[in-house]
Amino acid sequence: MWQYFIGIGFSKKTQGFLDELKQGFSAGREVSTPAHITLIPPFSSKNEVEMREGFLKWEESQKRFLLKLNQVGSFSQREYGTVFLSPESSEEIRKLYESLVSTFDWLLRTDDFVPHLTVAERVPFELIEKVKDGLRLKGLEVEEEVRWIWIYRRKKGGVWEEWTRLDFS
Numbered sequence: 289m290w291q292y293f294i295g296i297g298f299s300k301k302t303q304g305f306l307d308e309l310k311q312g313f314s315a316g317r318e319v320s321t322p323a324h325i326t327l328i329p330p331f332s333s334k335n336e337v338e339m340r341e342g343f344l345k346w347e348e349s350q351k352r353f354l355l356k357l358n359q360v361g362s363f364s365q366r367e368y369g370t371v372f373l374s375p376e377s378s379e380e381i382r383k384l385y386e387s388l389v390s391t392f393d394w395l396l397r398t399d400d401f402v403p404h405l406t407v408a409e410r411v412p413f414e415l416i417e418k419v420k421d422g423l424r425l426k427g428l429e430v431e432e433e434v435r436w437i438w439i440y441r442r443k444k445g446g447v448w449e450e451w452t453r454l455d456f457s
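Quick look at the structure:
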């Protein structure tokens, strides 16, 4: 059974820039996903064809919107932290998330959904503020029209690939 997750993807130009940024903060580790904003965390499906058809029907009612990533934040896990960029406003992303979890009731709904683009993972606690300051010093601001989302699928070996693109009108 395949594993999937759903995320907002970017244009080739922005994708290349963000992937480079992530690689620069990954301390030599391989980056396992293209740059994205996760909407739905990993899930499984027994019927890939039926699932894809449902998502393709859902996409017909989705509208494009403007996204501006310009906030720096972090999460702390038990042993390390994650540093991320987050949107100036997450209202449109939250609407998109709500549309997904209300249309597909088998998707996991989470109360602590925080739209973000991971830049650095497994950061030791004592380095989190330094990494965040380094990111702020770059003066990053990414502004892009969200024209699609991706369903990513985990390949053998644990790397995620873009599997199905859902285009917005």
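Numbered per our numbering, the sequence shown spans residues 289 to 457.
Glycine included, C-beta positions come from ideal geometry on N, C-alpha and C.
The stretch 338-350 in contact with the stretch 302-310 per 3-pair CB rule at 8 Å: no
Inspect the beta-carbon positions of Ser248 and Tyr292 and report whether they are closer than 8 Å. Look at the range of the chain in this structure, 289 to 457, and you will see that residue 248 is not part of it.
So, Tyr440 versus Glu432, is the Cβ gap smaller than 8 Å? Contact flag unset, no.
Have a look at Pro330 and Gly295 and give me their C-alpha separation to the nearest angstrom. 10 Å
Distance check for Glu376 and Leu395, CA to CA, integer angstroms please. 26 Å
Run through DSSP, which three-state label would Glu308 get? helix
Taking only the alpha-carbon atoms, compute the straight-line gap between Glu409 and Leu423 and give it to the nearest angstrom. The straight-line gap from Cα to Cα measures roughly 14 Å.
What residues in its chain sit with their C-beta under 6 Å from that of Phe313, if we drop five residues either side in the sequence? Val407 and Ala408
Can you grab the Cα-Cα spacing for the pair Ser387 / Val360, in whole Å? 26 Å
Check Asp421 in the structure and name its three-state DSSP category. helix
Is Trp438 buried or exposed, if buried means 16 or more other CB atoms sit within 10 Å of its CB? buried
Could you compute how far the alpha carbon of Arg340 sits from the alpha carbon of Glu414? 43 Å
Taking the beta carbon of Gly427 as the centre, do at least 16 other beta carbons fall within 10 Å, making it buried, or is it exposed? Label assigned to Gly427: exposed.
Near Leu454, which residues of its chain fall below 8 Å by C-beta distance, leaving aside the five closest residues on each side in sequence? Phe343, Leu344, Trp346, Glu347, Gln350, Trp436, Ile437, Trp438 and Ile439
Between which two residues does the alpha helix (DSSP H) harbouring Ser460 extend? In the structure as shown, the chain begins at 289 and stops at 457. Residue 460 is therefore absent and cannot be evaluated.
Within the same chain, show all residues whose beta-carbon is closer than 7 Å to that of Thr326, passing over the 5 residues directly before and after it, in chain order. Phe293 and Gly295
Just checking my contact of Leu357 with Leu425 at CB under 8 Å: how many whole Å lie between their CB atoms? Wrong, their Cβ atoms sit about 16 Å apart, outside the cutoff.
CB contact flag (Ala323, Phe353, <8 Å): no
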